[in-house]
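Number of protein chains: 2
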Amino acid sequence: MDLISKKFEKLGVENAPGQESLQKEVKLKFRGEKLQGELVDFSHGDVDAHEPIPGSLNSFIEGFQKGGSQAYTEYRGGLKTRQDMAKKLGNFTGIKIDPDREILITSGTQGALFLAMGATISSGDRVAIVEPDYFANRKLVTFFDGQLVPIPLDYLQENPDGSGLNLEKLEEAFQQGVKIFLFSNPNNPTGAIYSKEEIKKIAELASIYDITLIVDELYSRQIFHGFSYYHLCAQNVNPEKILTILGPSKTESLSGFRLGVAFGSSTIIDRMEKLQAIMCLRAAGYCQRVLERWFDEPKGWMDKRIAVHQKIRDDLLQIFQEVEGLQIRKTEAGSYIFPKLPPLDVSLSDFVKILRLHGNVIVTPGTEFGPGFTDSIRLNFSQDPEQAKKAVHRICEMIERYRK
Amino acid sequence: MDLISKKFEKLGVENAPGQESLQKEVKLKFRGEKLQGELVDFSHGDVDAHEPIPGSLNSFIEGFQKGGSQAYTEYRGGLKTRQDMAKKLGNFTGIKIDPDREILITSGTQGALFLAMGATISSGDRVAIVEPDYFANRKLVTFFDGQLVPIPLDYLQENPDGSGLNLEKLEEAFQQGVKIFLFSNPNNPTGAIYSKEEIKKIAELASIYDITLIVDELYSRQIFHGFSYYHLCAQNVNPEKILTILGPSKTESLSGFRLGVAFGSSTIIDRMEKLQAIMCLRAAGYCQRVLERWFDEPKGWMDKRIAVHQKIRDDLLQIFQEVEGLQIRKTEAGSYIFPKLPPLDVSLSDFVKILRLHGNVIVTPGTEFGPGFTDSIRLNFSQDPEQAKKAVHRICEMIERYRK
Chain A
0 MDLISKKFEK LGVENAPGQE SLQKEVKLKF RGEKLQGELV DFSHGDVDAH
50 EPIPGSLNSF IEGFQKGGSQ AYTEYRGGLK TRQDMAKKLG NFTGIKIDPD
100 REILITSGTQ GALFLAMGAT ISSGDRVAIV EPDYFANRKL VTFFDGQLVP
150 IPLDYLQENP DGSGLNLEKL EEAFQQGVKI FLFSNPNNPT GAIYSKEEIK
200 KIAELASIYD ITLIVDELYS RQIFHGFSYY HLCAQNVNPE KILTILGPSK
250 TESLSGFRLG VAFGSSTIID RMEKLQAIMC LRAAGYCQRV LERWFDEPKG
300 WMDKRIAVHQ KIRDDLLQIF QEVEGLQIRK TEAGSYIFPK LPPLDVSLSD
350 FVKILRLHGN VIVTPGTEFG PGFTDSIRLN FSQDPEQAKK AVHRICEMIE
400 RYRK
Chain B
0 MDLISKKFEK LGVENAPGQE SLQKEVKLKF RGEKLQGELV DFSHGDVDAH
50 EPIPGSLNSF IEGFQKGGSQ AYTEYRGGLK TRQDMAKKLG NFTGIKIDPD
100 REILITSGTQ GALFLAMGAT ISSGDRVAIV EPDYFANRKL VTFFDGQLVP
150 IPLDYLQENP DGSGLNLEKL EEAFQQGVKI FLFSNPNNPT GAIYSKEEIK
200 KIAELASIYD ITLIVDELYS RQIFHGFSYY HLCAQNVNPE KILTILGPSK
250 TESLSGFRLG VAFGSSTIID RMEKLQAIMC LRAAGYCQRV LERWFDEPKG
300 WMDKRIAVHQ KIRDDLLQIF QEVEGLQIRK TEAGSYIFPK LPPLDVSLSD
350 FVKILRLHGN VIVTPGTEFG PGFTDSIRLN FSQDPEQAKK AVHRICEMIE
400 RYRK
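Line by line, the protein sequences give chains A and B. Take the first sequence: its position 253, counting from 1, is numbered 252 in numbering that gives the first Met the number 0, and each next residue is one higher. Take the second sequence: its position 49, counting from 1, is numbered 48 in numbering that gives the first Met the number 0, and each next residue is one higher.
1. Could you please give the first and the last residue of the uninterrupted beta strand (DSSP E) stretch that includes N379 of chain A?
2. Pick out the complete alpha helix (DSSP H) segments inside the region 112-199 of chain A, 4 residues or longer, and give them in chain order.
3. Of the residues A:P338, A:G358, A:N359, which one's Cα is nearest the Cα of S375 of chain A?
4. Classify R30 of chain B: buried if its beta carbon has 16 or more other beta carbons within 10 angstroms, exposed otherwise.
5. Quick one: what does DSSP say F262 of chain B is sitting in, helix, strand or coil?
6. Can you tell me which of A:S106, A:I120, A:D124, A:S162 puts its alpha carbon nearest to the alpha carbon of I132 of chain A?
7. Compare the C-alpha of P98 of chain B against each of B:G107, B:T105, B:F368, B:K86 and name the closest.
8. In angstroms, rounded to a whole number, what distance separates the CA positions of P159 of chain B and E367 of chain A?
9. Taking the alpha carbon of L354 of chain B as the reference point, which residue from B:R393, B:L343, B:E321 has its own alpha carbon closest?
10. For D45 of chain B, would you say it is in contact with chain A, using Cβ-to-Cβ distances shorter than 7 Å as the test?
11. Taking 7 Å as the CB-CB limit, is C286 of chain A close to chain B?
12. With a threshold of 7 Å between beta carbons, is M397 of chain B in contact with chain A?
13. Under 7 Å between the Cβ atoms of I3 of chain A and L139 of chain B?
14. What's the C-alpha gap between F41 of chain B and L152 of chain B?
15. Does DSSP put I318 of chain A in a helix, in a strand, or in coil?
16. Would A390 of chain A count as contacting chain B if we go by Cβ distances under 7 Å?
17. Go to I327 of chain A, then tell me how far its beta strand (DSSP E) extends in each direction, as first and last residue.
18. Helix, strand or coil, according to DSSP, for V12 of chain A in the structure here?
19. Can you name the residues of chain B whose CB is closer than 7 Å to the CB of S106 of chain A?
20. If you measure from the beta carbon of L290 of chain A to each beta carbon in chain B, is any gap under 7 Å?
21. Contact check, A390 of chain B vs V360 of chain B under 8 Å by CB: the rounded distance?
22. In whole angstroms, what separates the C-alpha of G259 of chain B from that of K65 of chain A?
23. Could you tell me whether the Cβ of L139 of chain B comes closer than 7 Å to any Cβ of chain A?
24. If you count every other CB in all the chains shown that lies within 10 Å of the CB of K273 of chain B, and 16 or more means buried, which is it?
25. Establish whether the CB of G77 of chain B and some CB of chain A are separated by less than 7 Å.
26. Taking its Cβ as the centre, do 16 or more other Cβ atoms sit within 10 Å of H308 of chain B, making it buried, or is it exposed?
27. Strictly below 8 Å CB to CB, what residues from chain A border A261 of chain B?
28. Is the distance from the Cβ of P188 of chain A to the Cβ of Y285 of chain A below 7 Å?
29. So which of A:R304, A:Q156, A:Q69, A:I96 has the shortest CA-CA distance to I268 of chain A?
30. Apart from the five residues just before and just after G36 of chain A, which ones in its own chain have a Cβ nearer than 7 Å to its Cβ?
31. Report whether the distance from the Cβ of N235 of chain A to the nearest heavy atom of the ligand FAD is below 6 Å.
32. Please state whether DSSP places K388 of chain A in a helix, a strand or coil.
33. How about S106 of chain A and A261 of chain A: do their beta carbons lie closer than 7 Å?
34. Compare the beta carbon distance of R288 of chain B and T250 of chain B with 7 Å and say whether it is the shorter of the two.
35. So with CB distances below 7 Å, who are the chain B contacts of F91 of chain A?
36. From K33 of chain A to F319 of chain A, what distance separates their C-alpha atoms?
Next comes the structure, spelled out in C-alpha cells:
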C-alpha cells in the first residue's frame, strides 16, 4: 500500500456521526423482536425539534440581496462581520479582539479546527489531545503528520471537582516536547466543564513550557444550572500562543449554514487565512451575514433553550441510571452524554449496529473519541423530548438483551 | 524561522484576487493626475452586473425549510443532490457517474481542488502544473509538500492551434516520475481551450505513464462562438485515475453559496470525503439545495449570458489592441483575459498598486499564475460593460504613463 493510501486508511468516516448509511451491512445475530418506535438519531442535534435563531433566514436573504460585496468577502471574512464578532466574542470571553488581525470567519468550527491544526503542526510535532475528546481531533493530528500524545480525562469520578483532566500527565507531556495542546471545553463527548483551577493550571503550564493552546469552546454558551465556565483566553497566557474556536452550530441550530469563528494569535490567524484561501477561499459569503443574529438572540431565547435541554438531560439520565452497572457523568454543558455500558457479549461496533437496525436508534460509538472507549456510546440529546425518552428506553432494553 | 513559518511564507495571499485591501501602502511615485471613474474590480466577476441563476435563493429557502435532513447531509453531500448532479454532469461530459461512489459535493471548486490534492499528493511527489494556470494550484502543491514540475503553455502564438501546451515537456515530466497532472481547461488566466488533439494526447500519455489527472473545468460552460470543448474524462483514460472538478460559480454568479462538485475515481472520492469530514464536514447543507438550479436554467439564459460576455470580451480586446507592444490572446471560454504589457519602468507589483490607487481599477498581477509572468495582468471581464470599457481605457492610459 502506498503512503497516501496508508494515511487515508487511518481516517475512516463510516463510524463518524451522521455517516451510518455508509456502513456495509453485516451479519448480526439479533435477539428478540425488533423494537418499534420512531427513528431517533442521537448522532447530532435535531434542528427540527429545536429551531434556529429567529431571523437567521432573513439575515441570509439580506446577504444575498446585498450581492457582490457579500458574496466576495476577504478570505478572513467580511470586515463588518469581523467587527461585530470581535465585539461580541470579546464581551463573551472577557478579552479584547482586534477585528483586523485577530479574528477569522471559517466554514464551521470544523473548518476552524482544520485551519488551526494545519497552521500550527509541522510533520513530527507532538500534539497533546485529551481522551475522550471530539472525534476529529485525533484525525487532524494524523492528517498533518503530527505525533499524538493522549492525556486521560477521568470524567467518571464519583464527586467530580473539575473535569478530571490528568494534570500530571499533561505536565509530563509538555516536558517531553509537546508543542500544541488542543482540547474542547466543555468536553465533547462527556459534557464536563474544566474548573477554574484546571484552567489556571493549564495556563500556567502552557506559559512555562511555551505551548500553543487551541481551545474548542463550541458548547460554552449552553451551561447548565449550578456550573461556572472559565475561558482560557482570559487567563494569564501569551496572547500569541492561544487560539479560541467558537461557532453558532448545535446550541443555536445553525449548522446548516456552516459558520465558525477563530480568534486569538494574529500569527496563527494570518496562517489560517492563507490556508483558508486554498482550502475553500472563505466561509460562504451569504451565510456569513447570519452571524449578526448570533449573540443577539431575542431576550430569553437562550435561557429557554438551556432550560429545555436541562430537562431532557435530567429525564434521560433518570432512565439510564436504572441500568445496573451503567456509569454516566451528569452533563454540565452542551448536549452530549457519554454513558459507559455494563459488559456486553457483543462488540461495541456490533451493538451500535444492532441499536440502529433493530432498535431504530442511532448513537456514536465511544471509539470515535479515543481508542479505549470500547464500552461507551455518545448521544446528542438535543432531540424531541418524548421521542428521546422512548429511544433511551429502547437502548436500555437492548443493553439487557445483550448483557454479558 | 521554524518549518511551519517557512511553509506559510510561501503561501502569500495579499496579491490574490480580492485581497487587495490587505496590501500595506507603499510609497509610490505617481505620474499625472488621478484618473476619475467608478471603481472596477477585475479581480473577480461582478455578481451585481450579472445576476445569479433565477430561483437560486428560493431553492436555498426551501432547503432551510426542509430542516435537519438538509442541514446534516452525508459528508459527500445529500443523496438526492448527488443523484441529480451525477445525471446532469454525466449528460454534460458524456460519461456515466455513479451517485453513490463517484461524486462529492464540496465547498466551492476551491474546496474540491484542495481535497483532490490532499487526497493524492504524498510528501515529495512530483506534480505537473501548467504555467500560467490558476493561482492556487502551485500553492496547493507547496502546502502538501509536493514537488512542482511546471509545464509551459505557449498561449501567445500567432495562429493558435489548441492551447499551446508544450506536450514534449509534459511527456518528459511524466517520464521523470510525475505522479499527478493538474490543469484548468479552459485555462485560467488566458481563456485558452485545449484542442481535441491536445486532450487526446494528454489521455494517451497519462495511460502510458499511469498518471493521476485532475481537471478543473470551472469555465467549461461559457464557450464562445467558433470554439469546441473536449472533456478529458470522456476520452480513453483509466476511470480510477481521473477526477473532474466543476461548480456553479463565476459563469452562473453563484459564488456566494460556495458550491463545487468533484466526480470520477471512486478511490479518490472516498479519500476526499474522509478529508472533507475533518476539513469542514460538508458543503453548507442549505446551500447544497441550490445545485438543483444548476444545468436547469431557464431556456435561453445560458446563451444570453455567453453572448453578453462575448460582446464585453470583444469591446475590451479592441481597446487593448490599440496599445503598442501589448500582446493578448482572444478569450475562447470563460471571463478572463491575460494581456502581456509592453515594457514599463515600474515593477508589475507597483503598477498594479498604481492602477488601484490612482486609476480606480483592480487587476491581478500575472505572477499569481506563475513566477515568470512579471509583465502580465489578469482581468475578469464579467463586469458592467460600460464601466469595464472605461476602466480598460484607464489601464491603457496608465500603460502610456509608465511605459519604458
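In this text, a Cβ means the ideal position worked out from N, Cα and C, and glycines have one as well. As the structure is a computational prediction, the values presented were derived from the model and not from experiment.
Here's the rundown:
1. Where N379 of chain A is concerned, the enclosing beta strand (DSSP E) stretches over 376-379.
2. Complete alpha helix (DSSP H) runs here, min 4: 134-142, 166-174.
3. Closest by alpha carbon: A:P338.
4. Classification for R30 of chain B: exposed.
5. Here F262 of chain B sits in strand by DSSP.
6. Residue 132 of chain A is actually Asp in this sequence, not Ile. Nearest C-alpha to D132 of chain A: A:S162.
7. Residue B:K86 is the option with its Cα nearest to P98 of chain B.
8. Near 56 Å, if we compare the C-alpha coordinates of E367 of chain A and P159 of chain B.
9. By alpha-carbon distance to L354 of chain B, the top candidate from B:R393, B:L343, B:E321 is B:R393.
10. It does: the Cβ of D45 of chain B has a partner Cβ on chain A nearer than 7 Å.
11. Yes, C286 of chain A lies at the interface with chain B (some Cβ there is under 7 Å from its Cβ).
12. Not an interface residue.
13. I3 of chain A places its beta carbon 7 Å or farther from that of L139 of chain B.
14. Approximately 23 Å between the Cα atoms of the pair.
15. Looking at I318 of chain A - three-state DSSP - the assignment turns out to be helix.
16. No - not a single Cβ of chain B is within 7 Å of the one on A390 of chain A.
17. I327 of chain A: not part of any beta strand (DSSP E); DSSP gives it neither H nor E.
18. If DSSP states are grouped into helix, strand and coil, V12 of chain A belongs with coil.
19. Correct list: S106, C279.
20. By this cut-off, L290 of chain A is not an interface position.
21. Confirmed, about 5 Å.
22. Straight-line Cα distance between these residues: approximately 22 Å.
23. Yes - at least one Cβ of chain A is within 7 Å of the one on L139 of chain B.
24. A buried status is given to K273 of chain B, since no fewer than 16 other beta-carbon atoms sit within 10 Å of its beta-carbon.
25. The beta carbon of G77 of chain B does not come within 7 Å of any beta carbon belonging to chain A, so the residue lies off that interface.
26. The residue in question, H308 of chain B, is buried, as its Cβ has 16 or more Cβ neighbours within 10 Å.
27. Neighbours of A261 of chain B on chain A: none; closest Cβ ~13 Å, over 8 Å.
28. Taking the C-beta atoms as reference points, Y285 of chain A is found no nearer than 7 Å to P188 of chain A.
29. Answer by Cα proximity: A:I96.
30. So the qualifying residues of the chain are N359, K389, A390, R393.
31. As far as ligands go, the structure on display features none, and thus does not contain the ligand FAD.
32. In the structure shown, K388 of chain A adopts helical secondary structure according to DSSP, grouped into three states.
33. Taking the C-beta atoms as reference points, A261 of chain A is found no nearer than 7 Å to S106 of chain A.
34. The answer is no: Cβ separation not under 7 Å.
35. Those do not exist, as F91 of chain A stays about 23 Å from chain B at its closest Cβ, beyond 7 Å.
36. Rounded to whole angstroms, K33 of chain A to F319 of chain A spans 20 Å at the Cα level.
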